[in-house]
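Have a look at the structure below before the remarks.
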Amino acid sequence: MHLPIPIGRLIPAILALTITGCSRKETASSASPPPPAAVKVATVESSNVQETAEYIGNLQSRKSVTLQPQVDGQVTKIFVGSGQAVAAGTPLIQINPSKQLASVSSFIAAAESNRADLENAKQILQANIADRLSKVSALKFQQQQYNRYVSLGRQGAVSLQTVEQYRSQLDAAGSALQATDAQINAQKAAVARTQRNLQQAEANIKQQQVELQYYRISAPFAGTVGDYPVKVGDYVSPSSQIVKVTQNSPLEVDIQVPAEKAAQLRTGLPVQLLDTQGKILGQSTISFISPSVNTQSQSVLVIAIYDNANGQLRADQTVRSRVIWDTKPGLLIPTTAISRVAGENFVYVAAPGKQPSQLVAQQKPVKLGTIQGNSYQVLDGLQAGDKIIVSGLLKLSNGAPIQPQS
């Protein structure tokens with residue numbers, strides 16, 4: 261015979277069973293696997309791998325000059341500001357030319373006076389030449405008269421005294437012609453002398469005009485204007501340094517390469533110029549290799565010519581210079597795919613999991629070479645076609661399920 265169980269005793273038992281059931285459900289829930297990690301996956305591909313080395317490059321201008329005046333004087337004007345690009349022949353500085361202008365005017369006046377003297381001398385010469393023609397005619401007439409009276413005298417038609425009279429007239433005409441010839445020769449000499457004076461005066465004008473140009477200092481070639489050590493009002497002389505003009509296109513890139521690399525040097529090797537962040541500013545090639553080694557630095561000077569067409573770089577600037585020794589096929593992977601553990605380099609490869617269509621992160625050690633931009637060269641540990649994880653590495657562990665994202 262079963263005795264009835266009091267309700268008060270059943271309630272604790274029922275509660276205990278309920279709590280036990282809930283605990284089992286919670287345990288089952290906590291034991292469920294975590295969801296796959298969302299990651300980005302990239303395929304390892306064969307690429308051109310460069311063997312490179314970086315050095316400091318010093319940029320040198322192929323044309324640079326510090327201008328100095330050729331005359332003394334006070335600076336009256338500065339035409340172009342520091343740092344501006346100028347074309348060849350652009351005026352830069354004006355020195356007070358007032359004294360030189362006065363000198364030029366004086367020589368011009370002297371030349372005008374000489375020109376007037378020359379014109380007057382030529383007119384006198386022409387008058388002398390015309391006078392000579394009349395003297396020649398007079399001499400011919402007197403010669404004819406004398407010959408006629410000599411003949412008449414021989415015939416007894418005229419006296420000897422009359423013949424002598426015509427002889428005297430002939431001699432006078434001859435003397436007059438000789439005097440005129442002497443005047444002509446003297447006047448020709450005067451014309452020549454005046455011509456020389458005029459030529460000298462004109463030469464003096466040209467010389468003074470050339471010197472006048474020295475009072476305006478211009479850019480000898482296209483380039484960039486440096487800082488002015490003088491200002492308007494300063495007195496300058498031929499020993500004064502006025503301003504520096506530098507041509508920044510093209511530029512020489514001077515690179516000191518360690519002597520142990522000398523055997524690898526050759527003209528035509530590519531050179532990349534980099535900014536402080538490693539961004540490529542431009543490219544060139546080695547055009548000169550020094551035949552000797554710098555005994556102090558034990559390095560070899562090589563030079564590359566960079567066109568600097570955009571004017572981004574300037575003379576006397578230093579840049580990172582990457583010499584590309586060789587280019588060959590290899591593997592490159594993004595730097596974001598690398599994780600480091602205890603000094604070793606690893607990548608996570610997307611590998612098949614235990615379940616169909618499931619992928620897991622498989623950790624693999626790799627041996628790395630040089631860095632190339634945002635990529636590392638892989639020397640060992642991967643092959644072309646491998647799928648590697650390139651994002652979300654911090655939330656991964658070996659064997660963790662993953663979900664590739666596009």
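Each step along the sequence shown adds one to the number in the working numbering, with nothing skipped, and position 290 is 550.
Note that beta-carbon positions come from the ideal geometry of N, C-alpha and C, so glycine has one too.
CA nearest to the CA of residue i, picked from the options
i           : options               : result
residue 561 : 532, 519 and 600      : 519
residue 424 : 408, 436 and 438      : 408
residue 435 : 604, 416 and 402      : 402
residue 616 : 499, 661, 606 and 564 : 661
residue 354 : 331, 367, 371 and 344 : 331
residue 579 : 471, 541 and 426      : 541
residue 526 : 597, 585 and 489      : 585
residue 666 : 494, 317 and 650      : 650
residue 473 : 356, 529 and 657      : 356
residue 312 : 517, 443, 620 and 599 : 517
residue 460 : 373, 339, 396 and 441 : 373
residue 628 : 657, 597 and 645      : 597
residue 359 : 471, 415, 381 and 529 : 471
residue 534 : 316, 559 and 431      : 316
Classification of residue i by the beta-carbon crowding that lies within 10 angstroms, buried from 16 upward
i           : result
residue 445 : exposed
residue 591 : buried
residue 582 : buried
residue 329 : buried
residue 303 : exposed
residue 467 : exposed
residue 648 : buried
residue 333 : buried
residue 314 : exposed
residue 294 : exposed
residue 458 : buried
residue 654 : exposed
residue 283 : Because residue 283 sits at a pLDDT of 45, beneath the cut-off of 50, its placement in the model cannot be relied upon, and the point is left open.
residue 310 : buried
residue 658 : exposed
residue 447 : buried
residue 646 : buried
residue 381 : buried
residue 570 : exposed
residue 395 : buried
residue 411 : exposed
residue 638 : buried
residue 573 : buried
In DSSP terms, what residue i is bridged to
i           : result
residue 321 : 511
residue 628 : 638
residue 307 : 590
residue 326 : 504
residue 548 : 563
residue 542 : 533
residue 300 : 665
residue 345 : 484
residue 557 : Note: residue 557 sits in no beta bridge, so no partner.
Beta-carbon proximity check, residue i vs residue j, cutoff 7 Å
i           : j           : result
residue 544 : residue 531 : yes
residue 319 : residue 575 : yes
residue 508 : residue 536 : no
residue 608 : residue 623 : yes
residue 385 : residue 451 : yes
residue 325 : residue 505 : yes
residue 564 : residue 348 : no
residue 367 : residue 465 : yes
residue 567 : residue 510 : yes
residue 342 : residue 487 : yes
residue 454 : residue 378 : yes
residue 371 : residue 462 : yes
residue 671 : residue 641 : With the chain running from 261 to 666 in the structure shown, residue 671 is simply not present.
residue 398 : residue 433 : yes
residue 664 : residue 635 : no
residue 327 : residue 503 : yes
residue 610 : residue 656 : no
residue 346 : residue 479 : yes
residue 529 : residue 549 : no
residue 364 : residue 492 : no
residue 221 : residue 604 : Examination of residue 221 is not possible in this model, given that the chain is present from 261 through 666 alone.
Unbroken beta strand (DSSP E) run spanning residue i, endpoints
i           : result
residue 590 : 578-594
residue 485 : 483-485
residue 644 : Taken as a continuous stretch (DSSP letters only), residue 644 belongs to no beta strand (DSSP E), as it is neither H nor E.
residue 444 : Run containing residue 444: none in the beta strand (DSSP E); it sits in the alpha helix (DSSP H), 420-473.
residue 337 : 333-338
residue 476 : 476-478
residue 355 : 351-355
residue 605 : 604-612
residue 651 : From DSSP, residue 651 is part of no beta strand (DSSP E); its letter is neither H nor E.
Span of the alpha helix (DSSP H), counted from its first residue to its last, around residue i
i           : result
residue 618 : First-last for residue 618: undefined, no H or E at that position.
residue 414 : 358-415
residue 658 : Note, residue 658: premise wrong, no alpha helix (DSSP H); not H, not E.
Residue-level contact to chain C via CB, residue i, 7 Å cutoff
i           : result
residue 309 : Among the chains in the structure shown there is no chain C, since it carries only a single protein chain.
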